[in-house]
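Number of protein chains: 2
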Amino acid sequence: MAKIIHDPAEMQRTSEVARKEGKRIGVVPTMGCLHEGHLSLVRAARRRTDFVITTIFVNPTQFGPAEDLNRYPRDIERDTSLAMGAGTDCIFAPEMRDVYPEGYSTFVQVERLGEALEGRSRPGHFRGVATIVAKLLNITKPHVAVFGQKDAQQVVIISRMLHDLNFGVELMVMPTVREPDGLAMSSRNSYLTPAQRREAPVLYQSLQLAERLIASGETSSATVLGAMKELIMNHSSGVVDYVSIADGVTLEELLECKVHRPILVSLAVRFGSTRLIDNITITL
Amino acid sequence: MAKIIHDPAEMQRTSEVARKEGKRIGVVPTMGCLHEGHLSLVRAARRRTDFVITTIFVNPTQFGPAEDLNRYPRDIERDTSLAMGAGTDCIFAPEMRDVYPEGYSTFVQVERLGEALEGRSRPGHFRGVATIVAKLLNITKPHVAVFGQKDAQQVVIISRMLHDLNFGVELMVMPTVREPDGLAMSSRNSYLTPAQRREAPVLYQSLQLAERLIASGETSSATVLGAMKELIMNHSSGVVDYVSIADGVTLEELLECKVHRPILVSLAVRFGSTRLIDNITITL
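Chains D and H, in that order, give the protein sequences.
As numbered in the numbering used here, residues 15 to 298 make up the first sequence, in order.
As numbered in the numbering used here, residues 15 to 298 make up the second sequence, in order.
This is the structure:
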């Protein structure tokens with residue numbers, strides 16, 4: 015039976031005790047509404063550590079003013095049951111007032127990396143992400159933190175933060191889990207109308223197209239990005255927010271697809287008021 | 015014999031081992047050039063904890079472009095010997111390249127509190143302070159961190175950061191240590207010419223004047239601040255950067271000296287290119 019902890023100080027004490035007992039702690043930070051993607055992270059933590067903590071907190075500081083904070087899906091009982099089924103030892107689900115009490119003023123910012131891609135469409139988003147992750151790491155004191163490759167930029171930024179601020183926490187990144195038709199699992203998929211849901215696999219199809227084009231020798235990013243956009247526009251009602259071919263480490267846009275470091279091909283597409291993201295990494 | 019550690023990873027492992035052995039760790043972050051003020055912090059840590067770490071690092075991110083980073087005094091051998099004499103178990107003196115390696119991009123910012131007083135004269139200063147303190151805490155993993163009241167605003171900001179980011183570290187604040195003539199001990203006192211040094215006690219005298227005026231019933235901050243400035247100008251060549259009467263918690267300027275919370279009376283004065291600060295806290 016997994017323990018559910020709401021109080022940050024109690025969570026901190028629990029982790030402190032586990033560490034003193036010589037246990038390795040793994041943490042899986044989530045905003046709840048767990049799906050197979052999250053559960054794959056919990057299972058990965060289970061395999062690698064002795065004490066698995068799944069955190070559930072819909073973090074307001076990473077939502078923009080016009081974003082979907084209030085309609086973001088919440089179901090703590092279902093989440094608890096799923097996380098337990100995947101092997102979590104402990105759920106940490108703090109209250110808003112305990113995470114951001116009155117007078118809260120401290121923020122962690124990863125410069126440059128947070129300004130590209132998602133950061134351009136969602137100003138302040140990664141400042142909120144870096145801040146809550148720093149807090150959750152200080153509360154749960156893990157040896158390993160597990161994140162999904164689905165949020166590729168988040169992974170790059172958290173990796174940078176862990177290193178820069180000397181957290182001494184190992185970052186474990188797990189592959190994106192997809193529906194049978196290729197759509198990346200996301201809590202936001204539940205917003206899609208049936209018609210939008212039928213169209214949504216076009217995101218992954220456009221990434222696969224990019225991979226094929228680059229593999230067959232196309233080196234012009236503009237050509238690849240153009241083909242991706244055309245595919246999306248011709249086969250869905252989705253509105254492209256961005257498509258990008260960037261250096262997988264620095265997130266700088268690449269004009270040519272022929273570097274030796276991993277290339278991050280990523281995109282964001284709106285279906286009505288629902289914004290979906292996806293990405294693949296290509297190593298040439 | 016105190017251990018001297020330069021490598022952050024080694025320091026982290028050392029602290030991890032000490033914690034597993036059940037030791038309480040105290041850290042005293044310094045920029046070196048240790049004086050009696052610092053040593054009082056080391057002694058305080060010695061009384062309260064089992065494993066005392068003194069960190070020595072002249073942190074470039076808290077210096078402005080026109081400030082005294084390059085001429086800031088450094089003498090690691092003398093510092094080590096003094097810190098050992100005061101009871102430190104371990105000196106952590108990292109190299110610049112290990113603290114801020116190439117590509118470093120993460121900063122911790124405490125909003126509002128960092129913009130008043132010193133922050134107005136030294137933009138970015140407290141962002142640098144909060145960032146290095148966060149890093150040093152993650153590296154040294156202390157139970158208790160000891161700071162001096164001499165840097166009053168720094169103490170308020172670090173207290174906020176520890177709480178906001180859930181560091182789980184206790185903040186211990188020790189009183190300002192003064193020379194026999196009242197001048198607050200500071201590494202920067204060594205920059206003063208003999209004539210400036212003779213005048214410098216006027217800072218503390220003006221704070222004592224403020225205390226007397228407020229104790230005798232003066233409630234107008236303007237009157238008190240005016241008297242302080244007059245004293246400094248009439249008895250020294252010092253140029254007042256600011257004098258301030260502020261709420262000791264929020265650092266908001268007070269028009270009247272009659273709140274119930276601690277009042278922070280603080281000032282910064284330049285003698286030539288040397289800038290000195292001092293403060294007292296008054297509880298009515």
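Yeah, the Cβ is synthetic: ideal placement off N, Cα and C, and Gly gets one too.
The structure presented is a predicted model; accordingly, all values stated were derived computationally and were not measured.
Beta-carbon contacts of residue i that lie in its chain and below 8 Å, excluding the five residues immediately before and after
{"i": "V263/H", "result": "V170, R275 and P276"}
{"i": "R310/H", "result": "Residue 310/H lies beyond the residue range present for chain H, which begins at 15 and ends at 298; the question has no answer from this structure."}
{"i": "V72/D", "result": "M45, G46, L83, Y86 and R88"}
{"i": "V30/D", "result": "The sequence shown places Glu at residue 30/D, rather than the Val named in the question. Taken in chain order, the residues that qualify are K155."}
{"i": "D165/H", "result": "I291"}
{"i": "R60/H", "result": "G40, V66, A100, G101 and T102"}
Nearest-angstrom beta carbon gap, residue j and residue i [assumed within contact, 8 Å]
{"i": "R141/D", "j": "G162/D", "result": "Their Cβ separation, rounded to whole angstroms, is 20 Å, which puts R141/D and G162/D out of contact at 8 Å."}
{"i": "T69/H", "j": "T28/H", "result": "About 13 Å separates the two Cβ atoms, so there is no contact after all."}
{"i": "G40/H", "j": "H157/H", "result": "7 Å"}
{"i": "A282/D", "j": "E81/D", "result": "Not really, about 13 Å apart at Cβ, beyond 8 Å."}
{"i": "I246/H", "j": "S220/H", "result": "5 Å"}
{"i": "S119/D", "j": "R126/H", "result": "6 Å"}
{"i": "T295/H", "j": "L278/H", "result": "6 Å"}
Beta-carbon contacts of residue i that lie in its chain and below 6 Å, excluding the five residues immediately before and after
{"i": "T102/D", "result": "A16, V56, V66 and T68"}
{"i": "E267/D", "result": "A260"}
{"i": "Q360/D", "result": "Here chain D has residues from 15 to 298 only, and residue 360/D is not among them."}
{"i": "P137/D", "result": "none"}
{"i": "P189/D", "result": "Q163"}
Nonlocal neighbours in the same chain, by C-beta distance under 7 Å from residue i, ignoring five residues either side
{"i": "L53/H", "result": "L96 and A100"}
{"i": "L223/H", "result": "A241, M242 and L245"}
{"i": "V191/D", "result": "E50, G51, S54 and M199"}
{"i": "V236/D", "result": "Note that residue 236/D corresponds to Ala in the displayed sequence, not to Val. None."}
{"i": "V238/H", "result": "A224, L227, I228, E232, I259 and C271"}
{"i": "L176/D", "result": "V183 and L185"}
{"i": "L48/D", "result": "D93, L96 and A97"}
{"i": "A32/D", "result": "I39 and F65"}
{"i": "T297/D", "result": "P276"}
{"i": "P79/H", "result": "none"}
{"i": "I90/H", "result": "G46, I70 and A107"}
DSSP state of residue i mapped onto helix, strand, coil
{"i": "G133/D", "result": "helix"}
{"i": "N84/D", "result": "coil"}
{"i": "A209/H", "result": "helix"}
{"i": "N180/H", "result": "coil"}
{"i": "A144/D", "result": "helix"}
{"i": "I293/H", "result": "In the sequence under discussion, the amino acid at residue 293/H is Asn, which differs from the Ile named in the question. The answer is strand: DSSP assigns N293/H an E or B state."}
{"i": "G99/H", "result": "helix"}
{"i": "V170/H", "result": "helix"}
{"i": "R284/D", "result": "strand"}
{"i": "L268/H", "result": "coil"}
{"i": "D112/H", "result": "helix"}
{"i": "L217/D", "result": "helix"}
{"i": "A224/H", "result": "helix"}
{"i": "D165/H", "result": "coil"}
{"i": "K37/H", "result": "coil"}
{"i": "D89/H", "result": "coil"}
{"i": "M186/D", "result": "strand"}
{"i": "L119/H", "result": "The sequence shown places Ser at residue 119/H, rather than the Leu named in the question. Looking at S119/H - three-state DSSP - the assignment turns out to be coil, as it is neither helix nor strand."}
{"i": "V263/D", "result": "coil"}
{"i": "P43/H", "result": "strand"}
{"i": "T69/D", "result": "strand"}
{"i": "K243/D", "result": "helix"}
{"i": "A198/D", "result": "strand"}
Proximity below 8 Å, CB of residue i to CB of residue j
{"i": "S251/D", "j": "S280/D", "result": "no"}
{"i": "A58/D", "j": "V160/D", "result": "yes"}
{"i": "V113/H", "j": "K155/H", "result": "no"}
{"i": "Q206/H", "j": "F77/H", "result": "Per the sequence shown, the amino acid found at residue 206/H is Leu instead of Gln. Cβ atoms of L206/H and F77/H: not closer than 8 Å."}
{"i": "P74/D", "j": "H20/D", "result": "no"}
{"i": "P22/H", "j": "N152/D", "result": "no"}
{"i": "F106/H", "j": "T145/H", "result": "no"}
{"i": "T94/H", "j": "I172/H", "result": "no"}
{"i": "R88/D", "j": "V124/D", "result": "no"}
{"i": "R92/H", "j": "T63/H", "result": "no"}
{"i": "H249/D", "j": "V216/D", "result": "yes"}
Open item on the list: Across the stretch 200 to 214 of chain H and the stretch 282 to 291 of chain H, are there enough close Cβ pairs to call them in contact, namely three or more that are closer than 8 Å?
Closed with: yes
Task: Three CB pairs or more closer than 8 Å across the stretch 169 to 187 of chain D and the stretch 204 to 220 of chain D - done: no
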